[in-house]
DNA sequence: AGGCAAAGTGTGTGCGTTAACATCCTTCGG
DNA sequence: CCGAAGGATGTTAACGCACACACTTTGCCT
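Residue numbers (the working numbering), protein chains in the order written: chain A, 1 to 354; chain B, 355 to 708.
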């Protein structure tokens, strides 16, 4: 027995074949569950595989089959709850379907960042890709770089020729607005997301449609950027306006900022003003007061997106160009209540200077 | 011109070579920035590459170089802010270093889930892996399945033979506890994470050490499971105890639950009780009141983890078996304040039944 | 002008696998 | 008891690339 174990390189198919006393092709048949292998031979091969701790080389396999059994995911800021949940749904569904997942996330939404992420993914050996980014740019860029690559967009609005799976933002916004109106509020103010986000647009449309249906006047629109800070700033504006009794924020984070602003202005939620958010982040339930919001089933969106992609990749023809819509649901909690019986709000008291 | 464009299969190196009038090897040299190529030739080749929209086949390249330029990441619940941020830090650093990232996330922490995620990653062609999971099981499983695979653990506690990068939990917990003591509180109660999480243990130790240093009595430990619900339950217990004036929750989510419980019991934060959390999730700043917490730089942890892994992969020898520690910092906000001058807390009033 | 190193380029081989084809061994019916 | 069908196995050839090596050209020194 010599001292030098010369770096035990991983076993290859040929090693297994030799140990089992068969040809490498028979090993390949066992690995791929080919029927025409005698049971005794199969056993012997599997024994050899275990003994050598052999695992097939995915690169070599992919080279000859021309399929990597890997999908790519391009995602915007995976720290956010929505994209993160969707990614998780995609990943678990992918594993169940026998696909690995390679990610490429955008640092931010400017064109450079999108290009970098898209280029990185385009260089990867992926059989298909899912775009979790609210910009058409990502899907289009990938299409340019890798023509013919199966593609599905999720959590995106309208998206050109790419099949889309997303939550029904329009109906979700209607649910939120109608909930507040049905509590007796005369109208509902809305803090929207950035103008170039399709989700933001659809939520505005749902809100407007709902107000129109009830004959309520549509107050001026406020703009945020999804961040608590922006909600806070909008909240300060609203706090100064005694007309405001109900606010629908386009996401929970902005709702959080609004509540903070109201707290600083000594306005009570929901006694003085009701608030409804959107997303149902895990924190919503335990805010003070707990936040009424619209639940989005991100996991389901991820699962459906992957299912659709697999369908396209495995040749089920490119049907289903219809956008798939996952319904949103209202979760009523403490932050929404009927308005005070007396018209208008009690006078705004200032607790802080200025 | 015939009707049938017979599926324009992607160009291969040979196509580029023919178009440029060189051998495939020269194309290869251009792609890999080999110095000995005449400038005119290089231009011609690059022109041909553009014209044919050629991109090298990563599978074929990996097969011959025996390196895939891909790393794997095993992560626990990527919806949580910490793991999600770390993953993002890893991913961006990886892209900058020329590596792709394949993920495999755990649905939960039971052995089956860990095995499934580890097995999925072990089958992938990765040059190395980062484990963002608080269980040694994941790293060990990967080590068993793929001996010799370069491995780094992040956001994990002590982890056997695997190099570790993580935030200094012990010092972070000291910061939180000392902050409350320095405000004048006699002692600090602690709501810990699950007993089998190393982060939870280290935070307990930091808390205990800090109390001991100040000669403060250590109150009984409360246990949570990181969720707002568990913090809420612990908060209800604490609310009934008039001795309690300062609470250090092991993460922000539990702190949120605690604040909600106090609100229901009509206790004011920070007037009646001070609270400090851990993590500094984006919502903390805009809670009502805003939450004093300990900031963890997850991004930095991800970056450092990747840097360490690249060092190992590229043969810088396996130095740095020392755990790398990223410092934690205290972020003082509204939820912590000196105790009321009168000893003890005002009587607990109940607002709700029972 | 000759020679010789270096720059520039081409040829052949193998990475580990699957697919196509060839071959051998059963078995079963007439 | 022989022949054919088909089950079981082996042989050979790609897949697209990089590496080792061989070869041709260029430039420079003597």
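All C-beta atoms, glycine included, are put in the ideal place defined by N, C-alpha and C.
Note that this is a predicted model, so its numbers are computed, not measured.
Next on the checklist: Helix, strand or coil for residue 166 of chain A? Go by DSSP, reduced to three states.
Outcome noted: strand
Item to check | With 16 other Cβ atoms within 10 Å as the buried cut-off, status of residue 143 of chain A | outcome: buried
Checklist entry - In chain A, what lies closer than 7 Å to residue 459 of chain B by C-beta? => result 88, 91
Next on the checklist: Any beta carbon of chain A sitting closer than 8 Å to that of residue 669 of chain B?
Outcome noted: no
Next on the checklist: For residue 430 of chain B, list the residues DSSP reports as bridge partners.
Outcome noted: B:460
Checklist entry - Hey, out of B:433, B:571, B:613, whose CA is closest to residue 643 of chain B's CA? => result B:613
Next on the checklist: For the alpha helix (DSSP H) containing residue 564 of chain B, name the first residue and the last one.
Outcome noted: 552-568
Next on the checklist: Quick check: the Cα distance between residue 19 of chain A and residue 390 of chain B, rounded to an integer number of angstroms?
Outcome noted: 45 Å
Checklist entry - Would you say residue 650 of chain B faces chain A, with C-beta separation under 8 Å as the test? => result no
Checklist entry - Of the residues B:641, B:543, B:567, B:604, which one's Cα is nearest the Cα of residue 549 of chain B? => result B:604
Checklist entry - Taking one C-beta from the segment 634-648 of chain B and one from the segment 686-694 of chain B each time, how about it: are there three or more such pairs within less than 8 Å? => result yes
Next on the checklist: Between residue 54 of chain A and chain B, is any beta-carbon pair separated by less than 8 Å?
Outcome noted: no
Item to check | chain B residues whose Cβ lies nearer than 7 Å to that of residue 79 of chain A | outcome: 435, 438, 439, 442
Next on the checklist: How far does the alpha helix (DSSP H) with residue 445 of chain B in it extend, from its first residue to its last?
Outcome noted: 435-450
Checklist entry - Nearest to residue 627 of chain B by CA position, among B:394, B:538, B:393, B:517, is which residue? => result B:538
Checklist entry - Interface residues of chain B around residue 257 of chain A at Cβ under 7 Å? => result 640
Item to check | Per DSSP, cross-strand counterpart(s) of residue 388 of chain A | outcome: This structure leaves residue 388 of chain A out entirely; chain A is present only between 1 and 354.
Checklist entry - Comparing the C-beta of residue 683 of chain B with each C-beta of chain A, is any distance below 8 Å? => result no
Checklist entry - Relative to the C-alpha of residue 314 of chain A, which residue among A:97, A:44, A:39 is closest? => result A:97
Item to check | Beta-carbon proximity check, residue 78 of chain A vs residue 104 of chain A, cutoff 8 Å | outcome: no
Checklist entry - Is the beta carbon of residue 557 of chain B sitting closer than 8 Å to the one on residue 523 of chain B? => result yes
Next on the checklist: What residue range does the beta strand (DSSP E) around residue 679 of chain B cover?
Outcome noted: 678-680
Checklist entry - Taking only beta-carbon atoms, is residue 332 of chain A less than 8 Å away from chain B? => result no
Checklist entry - So residue 485 of chain B packs on residue 510 of chain B, CB below 8 Å; how close in whole Å? => result 7 Å
Item to check | For residue 493 of chain B, three-class secondary structure by DSSP | outcome: helix
Item to check | Spatial distance of residue 352 of chain A from residue 265 of chain A (CA atoms) | outcome: Because residue 352 of chain A carries a pLDDT of 46, less than 50, the predicted location of this residue cannot be relied on, and no value is offered for it.
Next on the checklist: Just checking: is the beta-carbon of residue 68 of chain A within a distance shorter than 8 Å of some beta-carbon in chain B?
Outcome noted: yes
Item to check | Three-pair Cβ contact test at 8 Å for the segment 539-548 of chain B versus the segment 561-570 of chain B | outcome: yes
Next on the checklist: Please tell me whether residue 614 of chain B has its Cβ less than 8 Å away from any Cβ of chain A.
Outcome noted: yes
Item to check | Chain-ordered chain A contacts of residue 466 of chain B [CB-CB under 8 Å] | outcome: The contacting residues do not exist; residue 466 of chain B stays about 13 Å from chain A at best.
Next on the checklist: So the candidates are A:163, A:230, A:210; which of them puts its Cα closest to the Cα of residue 193 of chain A?
Outcome noted: A:230
Checklist entry - Hey, how far is the Cα of residue 597 of chain B from the Cα of residue 262 of chain A? => result 31 Å
Item to check | Nearest-angstrom Cα separation, counted from residue 545 of chain B out to residue 661 of chain B | outcome: 34 Å
Checklist entry - Should residue 64 of chain A be labelled buried (16 or more other beta-carbon atoms within 10 Å of its own) or exposed? => result exposed
Checklist entry - Which partner residues of residue 601 of chain B appear in the DSSP bridge assignment? => result B:543, B:629
Item to check | is_contact[residue 15 of chain A, chain B] using C-beta, thresh 8 Å | outcome: no
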